[in-house]
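Chemist: Structure provided below as C-alpha cells; questions to follow.
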Amino acid sequence: MRKITLDRLDEFFAAVAGKLKLYIPVDTAGGAQFQQWRAGAKMSDALNTTRSAKDFFFPQTENLMEFKTEGKKIEIIDVRRENEDFAIFGVRACDVRSFDVLDRAFLSEPADTYYQNRREHGVIFSLACSKPAETCFCGTFGIDPANPKGDIVCYKTDDAIYMEAKTEKGANLMDSVSDIVAEDEGGDGESAVNAQKEIISERMKKLPLASLSTDKFGGDKTAKFFDDPAWKSLSESCLGCGTCTFVCPTCQCYDIKDFNAGNGIKRFRCWDSCMYSEFTKMSAGQPRLTQLERFRQRFMHKLVYYPANNDGMFSCVGCGRCLSKCPIQMNIVKVMKNLGEGGENNG
Amino acid sequence: MSISKEPYRPLIVAFCCNWCSYAGADLAGNNRLAYPADVKIIRVPCSCRVNPTFILRAFQRGADGVILCGCHPGDCHYTSGNYYTRRRMALLFSMLDYLGIERERTRVEWVSAAEGAKFAATMNDFCETVASLGENKRLEDLRCKK
Amino acid sequence: MQRIGVFVCHCGTNIAGTVDVAAVSEALKNEPGVVYSTNYQYMCSQAGQDIIKNAIAEHGLTGIVVCSCSPRMHEATFRKTAAAAGLNSYMVEIANIREQCSWVHKDMKTGTEKAIILGKAAVAKVNLNAPLTPGESPVTKRALVIGGGIAGIQTALDIADAGFPVDIVETKPTIGGKMAQLDKTFPTLDCAACILTPKMVDVAQNDKIRIFSYSEVTDVKGFVGNFDVTIKRRARYVKEDVCTGCGACTEKCPQKKIPNEFNLGMDNRRAIYIPFAQAVPKVATIDLDHCNMLKNGKCGVCAKVCAAGAIDYNAKDEYIEEKYGAIVAATGFNPISMDKFDEFAYSQSKDVITSLEFERLTNAAGPTGGKLLRPSDGEHPRTIVFVQCVGSRCDSCAQKGKEYCSKICCMYTAKHAMLTRDKYPDTDVYVFYIDVRTPGKNFDEFYRRAVEEYGVHYIKGMVGKVSPEGGKLMVQASDLIDNKQLRIEADLVVLAAAIEPDRSARPLATMLTASMDTNDFFTEAHPKLRPVESPTAGVFLSGTCQGPKDIPETVAQAGAAASKVIGLLAKDKLMGNPCVAHSDENMCNGCSTCENVCPYGAITYEEKEFRMPDRTTRIRRVARVNEAVCQGCGCCTVACMSGAMNLKGFKNEQILAEVDAICR
Amino acid sequence: MQEITRDTLISRAKELLASGEVDRVYGWKRGEFCYDVTPALFTDAESLEKDFEWGDFCGANLSKYLVEETRKSEGKILVFMKPCDTYSFNQLLTEHRFDREKVYVIGTPCAGMLDPKRIRDHAESFTSVVSDENGVTVSTLFDGDVKLDRSEVMPDRCLNCKSKKHVAYDELFGEDGGTIASGRFDEVEKIEKMTPDERFEFWRGELSRCIRCNACRDVCPACTCEKCVFDNPNSGVENKAAENSFEEQMFHIIRAFHVAGRCTDCGECSRVCPQQIPLHLLNRKFIKDIDGFYGEYQAGAEVGSRAPLVDYTTEDIEPSDAVKGGDENA
Amino acid sequence: MADMKEPLIPAIGEVVDIRMDTPDIKTFRVVTPDGKKAFDHRPGQCAMLSVPGVGEGMFSITSSPTNTEYMEFSIKKCGCVTEWLHSMEVGQQITIRGPYGNPFPVDDEFAGKNMLFIAGGVGLAPLRSVINYCRHYRDRYGRIDIVYGSRSKDDLLDYQEIINEWAVDEDVHVHLTIDREQEGWDGHVGFVPNYVKELGFDTENRIAVLCGPPIMIKFTLAGLCELGFEKTQMYTTLELRMKCGIGKCGRCNVGSKYVCKDGPVFRFDQLDELPDEY
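Protein chains in written order, with numbering that gives the first Met the number 0: chain Z, 0 to 346; chain U, 0 to 145; chain X, 0 to 663; chain E, 0 to 329; chain V, 0 to 277.
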C-alpha cells in the first residue's frame with residue numbers, strides 16, 4: 000500500500016507521466032473525459048467519464064493498413080507500430096470489468112493483434128467509487144466498486160489517495176515512481192481504505208437499482224426471451240442511434256472500411272452499432288430488418304448470447320451510462336425488468 | 000537532407016457554370032489573359048449545381064481555396080439558378096466564418112461569357128488572396144495530406 | 000470499370016507550345032481505367048478523328064477523354080466521332096487544355112502539370128459516366144408570334160410561307176406596330192405605310208395565319224415542341240367576323256373626346272374606333288372605359304347604325320388554349336417616358352414633342368393632315384430644335400435614362416431635319432448631338448445630305464434647358480466645338496427619346512422562362528452565334544425586343560427567327576438533352592423541395608407503393624422528373640437533402656471524382 | 000381555469016380511444032426514475048392509467064414519430080404536443096411527410112422542461128424532483144434535499160423559449176400563449192463577436208467531442224430522410240465514425256445546412272447529445288442569418304410556407320457581403 | 000490454417016484467369032504474385048477477397064482443396080465489390096485472406112456415405128469444392144447424386160465441368176433442371192424441390208448437402224423430410240452471413256451461435272436450435 004496526499008497528487012502524476020503517457024479524467028464541457036495529463040490538469044471529481052475507458056484499447060477509429068495501387072498492382076503497407084506504454088488513472092470498477100468482457104471477444108482465437116498490442120501496453124489505475132449514482136447497478140453483475148480490479152487499485156479519501164499494485168505491470172510502474180510515492184509502511188492506509196470500503200458498501204445498498212437481478216438471464220435463455228412480446232413496446236420508440244453502443248464500455252461491434260485519400264487507400268476500423276439499420280445489411284440480404292430485431296440483438300447479446308459463449312459472464316457492467324445518455328431514456332434496466340413478465344404492455 | 004523548397008502554391012478549385020463563367024474562362028484563354036495555373040476549373044451546368052459537399056470535399060482533399068463562378072444575377076441560363084446559389088453560398092460561407100474557417104478561402108463571383116478579363120482578374124486576385132493565407136489548416140483532412 | 004482511351008491534341012502549337020503533350024498522354028496511361036493513350040497534331044481533323052475511331056474498335060474502349068480545346072468548341076465533334084464508332088456519345092469527356100491551360104499559362108512545366116491534372120479529372124469523370132440516350136418528344140407544327148409589328152408580321156409571313164400555321168397575338172386592336180405610325184423611312188424616304196400595309200394585307204389574307212388582335216398571352220406551359228399557351232382575347236364588343244369595317248359607327252358615336260393613341264393623343268377618337276384606315280383586322284373596337292353603353296347602359300348608337308349587326312355589348316373576355324411547337328417574341332419597343340426630363344419642359348409645353356409625335360405631325364394621316372403645325376397654336380414653326388440622345392447613353396444618370404444607345408435616333412432625326420427643310424425651306428433646323436452614328440448602308444450619305452444639301456445646323460453639344468417664354472421655347476445649349484453657350488429661340492423642340500422594350504416583355508419572359516438583360520431586352524442564346532434564339536429552347540426573338548434595331552435589321556432578324564422556327568417545325572421529333580435530373584425513388588422523401596426550386600415545373604409527385612424489406616407495403620410520395628421538360632440545371636440536386644435527386648452527366652459522384660482528381 | 004394534469008390528459012385520451020376517434024396514443028411513459036420518461040405508444044385505457052406520464056421531463060418531441068407511425072395503419076393517432084413540438088409538426092406537414100388526417104393533436108401547455116443534466120450539476124445521485132411555483136426540490140441519495148430555482152435546471156431551449164403558441168392542434172388544453180422575443184441569439188452573437196481564431200478554437204473544442212452516435216440526426220424532426228446521405232456510400236459524405244476534425248466539421252456543417260430554413264429550433268439535438276455539444280448554436284446561426292438576410296422566417300409557423308432556401312429575390316445579399324459582419328472583430 | 004497471427008492483414012492475390020460462367024457469374028482464378036496457391040483450405044471454407052478502396056467481401060472457395068495450384072471463386076454480381084470484381088481483367092491484383100469458417104465434415108460424418116448434393120443457382124459454388132473433393136477421393140464415399148437447378152441453361156454454373164467431368168464419372172449421377180422450358184434444352188424442367196421429390200432418393204446411409212436461395216432450401220428441406228430424411232442427415236452453409244470472418248465484428252451471430260466461428264456449415268438439427276433470424 001502506498002499513499003499520496005492530494006496536495007502532492009500533481010507531483011505523482013508528473014512522475015508517472017515521466018515514465019509513460021498518462022491519462023486522467025478531467026472535467027470538460029461534455030462531462031468528465033480521459034485526457035492526457037499535462038502540468039496543471041486537474042483530476043475530475045465526477046463519478047465516471049462520459050465515454051468509457053474502452054477507447055484506449057478499442058479506439059473509435061484506427062488505421063489498420065494502407066494500400067498503394069498502380070495499374071493492376073497493389074502494395075500493402077503495414078502501418079502498425081508498437082504502442083507506447085501508457086497508463087489510465089481513475090478507471091472505475093465497472094470499466095475495469097469491461098476490459099475482461101472485451102478481452103474475451105478480441106483475444107479469443109484468432110486474437111486481434113491491434114487490440115492486443117494496446118492492451119499489453121496499458122497500465123490501469125482503478126479507483127474505488129466513493130459516491131455511486133442512482134443509475135449505477137454494477138452490483139447486479141457481481142462487481143464490487145469497493146474492490147475494483149486493475150493493475151493498481153486506488154482509494155481516494157478526503158486528503159489522500161491510497162494505491163496498491165495488484166499485478167506485476169502495476170508493481171513495476173509503482174516501483175519506478177517510489178521516490179514520489181513510497182510504501183505506506185505502518186501508516187493509516189489499511190484502516191483508511193477499510194473505512195472507505197465500508198462507506199461504499201453502505202451506499203451501494205441504498206441504490207435504487209440495488210435489487211436488480213440477472214437471475215432470469217443467462218446463456219441458455221435464447222428460447223425463453225427471443226420471442227418475448229415485450230420487445231415490441233421496448234423497442235417501439237428507439238431512434239436507432241448509436242448512443243448506447245458508443246458510450247457502452249462493452250459494445251465492440253466494428254466495421255472495416257476503406258478510405259481513398261487520393262495519396263493511397265487507408266483501411267480503417269471504426270466503431271459500428273448493431274442499432275444502426277445498415278449494420279447487417281449485405282448485398283445478400285438483411286437478417287435484422289426492423290428496429291425490434293436490432294434492439295433485441297443488442298440486449299440478447301448482453302444478457303444471453305455473450306454469457307452462452309463466455310462461461311456465463313454478462314456483457315453489461317452496470318455503469319449506467321446508457322441510462323443517462325439514451326435520447327429516449329430506454330435502457331438495459333427497463334429491458335431486464337420487463338422481459339419475461341408476460342404481456343406486451345408491461346414494456 | 001537538402002530539399003529544394005519550391006515556393007508555396009495554393010490549390011484552387013473553380014466551379015464554373017457552363018453558360019457564362021466557363022465561357023468567360025474560355026474567352027480569357029482566347030485573349031491570352033494569364034492567371035496562375037493553380038486554378039483548376041470544373042465545369043457544371045449551372046452554379047446552382049454546386050453542392051456544399053463539393054466545396055467541403057475539395058477542402059478535404061487539399062484545396063486551399065474554392066471559388067464558384069456563375070452568370071450574373073438575372074442572366075442565369077436557367078433563369079433562377081444563380082439566385083439559389085447566392086442564397087446557399089451566403090449562408091454556407093457565413094457558417095464557415097462562424098466556425099472560424101477563413102472566409103477568404105471561399106468566394107462566389109459572377110462572370111459573364113463576355114468577361115474574359117474579369118475572369119482572369121478574379122482568378123489572379125483570388126490566388127493571391129489564398130496564397131497569402133497559406134495552406135488550408137482549418138478545414139483539412141490529414142489523411143489526404145501527402 | 001471502364002476501358003478508357005485518352006487522346007491528347009497538340010492543336011498545332013496552340014497546345015503543344017506550352018504543354019508537353021507526349022508527357023500528358025504518358026502520364027494518363029496509368030490512371031485507373033485507361034487502357035490506351037496517345038497524342039496527335041489535330042484531333043479534330045479527319046485523321047485525328049480516325050485515330051479515335053480506330054482505337055475505340057481496336058481496344059474495345061468504353062469511354063474516351065480528349066485533351067484539347069474547350070468542350071464548347073469541339074465536344075459535339077468528338078461526340079459524333081464516338082457515336083460513329085459505336086460508342087455512346089456521352090461516354091466522351093473533354094479536358095480543356097487549350098483555353099484554360101496552354102493559352103493562359105506561359106511556362107511549359109506548369110502548363111504540362113496542369114494539363115495532366117485536368118486530364119486526370121476527365122478520366123475520373125469518365126470512369127463514372129454512363130451511356131445516356133436523349134429522350135424524344137413530338138413537335139406541334141404550329142408557331143406562335145407574340146407581337147404584330149413589322150417584326151412579328153415578317154416572321155409570321157415567312158413561317159406561313161414555309162407551310163406551317165402561325166398565330167399572331169397582338170395587344171392592340173390592329174397589327175402594324177410602330178412602323179404603321181411612321182411617315183417616311185430612312186434612308187430611302189419611302190413611305191412607311193406604302194411598304195407596310197401590303198404586308199399587313201398579306202397577313203390578313205394568308206390562310207395559314209390567324210390574328211388574335213386585342214389579345215394577350217396569359218400563360219405558357221410546356222417546353223420546346225410542346226408549348227401549351229393560354230391566350231386572352233379581350234372583348235372588343237364587335238363581332239370580328241361580322242364587322243365590315245365600314246366605319247359608320249365611328250362617325251356616329253357621341254363620345255368624341257377620347258385621346259387617340261394612334262396619334263399619340265394629339266387628336267381625338269370616338270369610344271368605338273378603328274385605329275387607322277389600313278388597320279388589320281379592319282374591325283371596330285369599343286373602348287370599355289369610355290363607352291356610355293357599356294358603363295351605364297345608356298346609348299347604343301353604334302348598334303343602331305351598324306348595318307351588319309356586329310355590335311355585341313354582352314361580349315366577354317375569352318380564353319383560348321392552343322398548342323405550339325415554337326414561340327417567337329416580337330414585343331417591340333416604346334419611347335421612354337419623358338416625365339423624368341423636366342429640363343426639356345416636355346410636360347410644360349405642348350410644343351416640346353417626341354420624335355414619334357413629330358412623325359405623326361408630318362404624316363398625311365396624322366392629326367394635322369401632314370402639315371407641320373405647332374401643337375399649341377397651329378402655327379408653322381420657324382425654328383425647330385432637335386435634341387438627340389434624350390435618355391440614351393446615360394451613364395451617370397442611369398436611373399433617369401438608359402445606358403445603351405437607342406441606335407435609330409441619329410438616322411430618324413436626320414430624316415426629320417431633312418424633310419422639314421425640304422418641305423419648309425424657311426424653317427431653321429438645329430440638331431444637338433453627342434455623336435452622330437451612321438453605320439449602315441447609305442446612312443452616312445443620307446446624314447451628309449441633310450447637312451450639306453439641306454443646311455441642317457448640326458451642333459455637337461447637349462441642350463441644358465428648354466424654357467417656355469412668351470409662346471416661344473428658349474433653348475439653352477452648349478456648342479462643344481466652338482466652345483460656347485448658345486441660346487436659341489425655338490418654336491418647336493423635338494426630343495429623340497430613347498427606346499425601351501415594351502412593358503409586356505418582362506411578364507412574358509417570366510412565362511416563357513426566357514432570360515432578359517437588366518434593360519429588359521430578351522437575352523439571345525449566344526450574342527454572336529445564336530442571336531435570334533433565346534436560351535430557352537423553342538423560344539425565338541424577333542425585332543427590337545432583343546435590342547434596338549432599325550427596320551431593315553428588324554426585318555432581317557424576323558426572317559432569321561422564322562427560319563429557325565421553320566427548322567424546328569420541320570422536325571417530327573425532338574431529341575432532348577439527356578443530361579437531366581433523375582430522382583431515386585427509394586431515397587426520395589417526397590418533400591417538394593426540388594419542385595419548389597425547379598424553374599421549369601419539370602417535377603411532379605406521385606403516390607407510389609413500395610415493398611418494404613419485411614414484405615409489408617408502404618405508400619410514399621415520390622418525385623418524378625419529366626425528362627422532356629427538365630433542362631438539366633441541377634438546382635434540384637442541391638435542394639434535395641437525401642441526395643435522391645441526381646443529374647445525369649453531372650452526377651454527384653462524377654463531380655466529386657473530378658474534385659478528388661484535381662486535389663490529389 | 001381548469002388545471003391541466005396528467006389525469007386530464009389520460010381521461011381525454013381514454014374518451015378518444017373509447018369513441019373510436021383514435022386507435023392509438025403517442026405520449027410518454029414513466030420509467031425507473033422521475034426523469035427517464037420514454038416516448039411510447041398506448042393502445043388501451045389500462046396501460047394509459049398505469050404508465051402514461053406527463054410532466055417536467057416529457058421533453059421529447061413526438062412529431063417525428065408520426066412519419067413512420069402514420070404509415071403503419073389507417074387509424075388515427077392521438078398525440079400530445081407542447082407549443083414547440085407543433086412547429087416541427089407543421090414543418091413535417093409542409094414537406095408532406097405524413098397525412099394530417101391521420102393525427103389528432105392535443106396541444107398541452109408548457110412551463111418549460113427540466114434538464115436532468117443540469118439537475119445533476121447541483122445534486123448528484125438524485126432520485127426525485129418535485130416542482131411547484133416556488134421552485135424545484137430535488138431529493139438525493141446521499142446529500143439530502145436540494146432546493147433550486149426552476150431557471151437553474153431548465154435546458155437552454157426552454158430558457159430561451161421562442162413561443163408558447165401552438166401553431167397546430169385539434170384541441171387545446173389550457174390557454175394558448177404567444178411568441179416570445181427571447182434572447183435565443185445571444186449565444187450566437189457572442190460567438191460572432193469572437194475573433195476567427197477564437198471561434199475556431201471554440202468549435203474545435205466542442206466538435207472534437209463528437210462521437211458520431213447520430214443521436215442528433217436521429218432525433219431531429221427535420222432529419223426524416225428515407226436514407227440519410229451520411230449512411231449512403233454513394234453520397235460522398237458517408238462516414239461512420241468521424242476519423243478526424245474534418246469529418247466532424249463535415250458532418251455538422253452539412254447537417255446544419257440540410258436543415259437550414261427547415262429547423263424549427265426545437266433544441267432536441269442539443270438535448271440528446273451525449274457529449275453536450277451545443278449543436279443548436281449551429282442551427283441558430285442559420286436561423287439568425289436567414290432572419291437577417293432574407294427577413295424573419297420561422298420554420299413551421301405556417302403549413303406550406305416557402306422555406307428561405309427554396310426561395311429568392313433578385314436583390315438578395317451577395318455571399319461576399321454576407322460574411323462581412325465579422326470584419327470589425329477580426 | 001494459414002498464418003492467423005495477423006487476422007486482418009491480407010495477402011496479395013493475382014487474378015490469372017477469368018471465366019464467364021453465366022450472365023451474372025464469373026469464376027476467378029487466384030494465385031499469389033509468385034504463382035502459388037495463397038493458402039490451403041478445406042471443402043466449404045471461405046476467403047475474404049478485397050479490392051482496396053472498394054471493400055472486402057467473403058466468398059466460398061469453389062475449387063477443391065485437392066487442387067494445390069490455385070484457388071477459384073465463382074462470384075455473382077450483386078454489390079459494389081462484386082461489380083468491381085466483374086469488371087477486372089486478368090493480371091489484376093486483389094487482396095485475399097483466410098481461410099475462414101469450418102469446412103464440411105468430409106472426412107468424418109461424410110466418410111463412407113452416399114452423398115446427395117442439392118444446389119440452386121450460385122448455390123453450387125460452395126458445393127463445388129466438396130463435390131470435387133469427394134470425386135477426388137472417390138473410394139471414400141458411396142453413390143454420389145447431384146441435383147442442380149437454375150433459372151435457365153445459361154444460368155447453370157460450371158456447366159462444362161458438370162457435363163464433361165462429373166457426369167462421366169462412375170457412380171456419379173447428375174440431375175440437372177431448369178425453371179422454364181428453353182430451346183435447346185431437353186433435360187428436366189421444373190423447380191429443384193419438386194425434382195428432388197420426383198427423383199425420390201432413399202435415405203439409407205445418406206448425407207444430403209443443400210445450398211441455394213432460402214426459398215429453395217425451405218421447400219427442398221420439406222421435400223427431403225417427406226422422403227424420410229432426418230435433420231441430422233442434412234447440411235447447409237450460411238456463408239453469406241459472414242462478414243469479418245473471425246466472429247468479432249458483431250454481425251454474424253444467429254442467437255448465440257456465430258456463423259464465422261461455429262459455422263458456416265450447419266447440420267439442420269443444429270439450425271433448429273437457433274432462433275429464426277437467418
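Each residue gets a CB set at the ideal place from its N, CA and C atoms; glycine is no exception. Only a predicted model underlies this, so the values are computations on that prediction, with no experimental measurement involved.
Quick check on S73 (chain V): buried or exposed, where buried means 16 or more other Cβ atoms within 10 Å of its Cβ?
Modeler: It counts as buried.
Chemist: Against chain X, with Cβ distances strictly below 8 Å, would G74 (chain E) count as a contact?
Modeler: Chain X contact via Cβ: absent.
Chemist: If you draw a straight line from the alpha carbon of R619 (chain X) to that of D613 (chain X), how long is it in whole angstroms?
Modeler: Spanning the two alpha carbons is a distance of roughly 16 Å.
Chemist: Excluding the five sequence neighbours on either side, which residues of its own chain have a C-beta within less than 8 Å of the C-beta of L238 (chain Z), listed in chain order?
Modeler: These residues qualify, in order along the chain: P326, I327.
Chemist: Measure the beta-carbon distance from L511 (chain X) to K140 (chain X) and round it to whole angstroms, keeping in mind my assumption that it falls under 8 Å.
Modeler: Contact doesn't hold; Cβ gap of about 19 Å is too wide.
Chemist: If the cut is a Cβ gap below 7 Å, which residues of chain Z does D217 (chain E) touch?
Modeler: Correct list: L238, G239, C240.
Chemist: Per DSSP, what kind of secondary structure is H172 (chain V) in: helix, strand or coil?
Modeler: In the structure shown, H172 (chain V) sits in a strand (DSSP, three-state: E or B).
Chemist: Along the chain, where does the alpha helix (DSSP H) that runs through N445 (chain X) open and close?
Modeler: Residue identity check: residue 445 (chain X) is Phe in the sequence provided, not Asn. Its alpha helix (DSSP H) spans residues 442-451.
Chemist: Using a beta-carbon distance below 8 Å, is A260 (chain Z) in contact with chain U?
Modeler: Cβ-Cβ to chain U under 8 Å: yes for A260 (chain Z).
Chemist: Is P467 (chain X) helix, strand or coil by DSSP?
Modeler: It is a strand residue.
Chemist: Use the C-beta contact count for I214 (chain V): other C-beta atoms within 10 angstroms, 16 or more gives buried, fewer gives exposed.
Modeler: Result: exposed.
Chemist: Taking C-alpha atoms, which residue in E:Y25, E:E2, E:L40 lies nearest to K231 (chain Z)?
Modeler: For K231 (chain Z), the nearest C-alpha among the options comes from E:L40.
Chemist: What number of angstroms, rounded off, separates the C-alpha of S93 (chain U) from the C-alpha of R305 (chain E)?
Modeler: Straight-line Cα distance between these residues: approximately 22 Å.
Chemist: Got a sec: is the Cβ-Cβ distance from I17 (chain V) to anything in chain Z below 8 Å?
Modeler: Answer no: the Cβ-Cβ gap between I17 (chain V) and chain Z never drops below 8 Å.
Chemist: Identify whether E71 (chain V) lies in helix, strand or coil by the three-state DSSP scheme.
Modeler: Here E71 (chain V) sits in strand by DSSP.
Chemist: Which term fits R610 (chain X), buried or exposed, when burial requires 16 or more other beta carbons within 10 angstroms of its beta carbon?
Modeler: Exposed is the call here.
Chemist: My understanding is that I95 (chain V) touches V50 (chain V), with C-beta atoms under 8 Å, so please give their C-beta distance in whole angstroms.
Modeler: Actually they do not touch by this definition, with Cβ atoms about 11 Å apart.
Chemist: Along the segment 591-613 of chain X, what residues have a CB closer than 7 Å to any CB found in chain E?
Modeler: Within the segment 591-613 of chain X, the residues whose Cβ lies closer than 7 Å to some Cβ of chain E are S591, T592, N595, V596, listed in chain order.
Chemist: Exposed or buried, which one is I3 (chain X) when buried takes at least 16 other CB atoms within 10 Å?
Modeler: Buried, because 16 or more other Cβ atoms sit within 10 Å of the Cβ of I3 (chain X).
Chemist: Tell me which residues share the same chain as E68 (chain V) and place their Cβ nearer than 7 Å to its Cβ, disregarding the 5 neighbours each side in the sequence.
Modeler: Closer than 7 Å at Cβ, skipping near neighbours: K36.
Chemist: The segment 231-246 of chain E: which residues have C-beta closer than 8 Å to a C-beta of chain X, in chain order?
Modeler: Going along the segment 231-246 of chain E in chain order, one finds N231, N233, S234, G235 with a Cβ nearer than 8 Å to chain X.
Chemist: Give me the subset of the segment 252-280 of chain Z whose CB atoms are less than 8 Å from a CB atom of chain U, sorted by chain position.
Modeler: So the list reads F258, A260, G261, N262, K265, given in the order they occur along the chain.
Chemist: So, for T132 (chain X): in the same chain, excluding its five sequence neighbours on each side, which residues have a beta-carbon less than 7 Å away from its beta-carbon?
Modeler: P577.
Chemist: Between K39 (chain U) and K220 (chain X), which are expected to be in contact by the criterion C-beta below 8 Å, what is the C-beta distance as a whole number of angstroms?
Modeler: 41 Å between Cβ atoms; not a contact.
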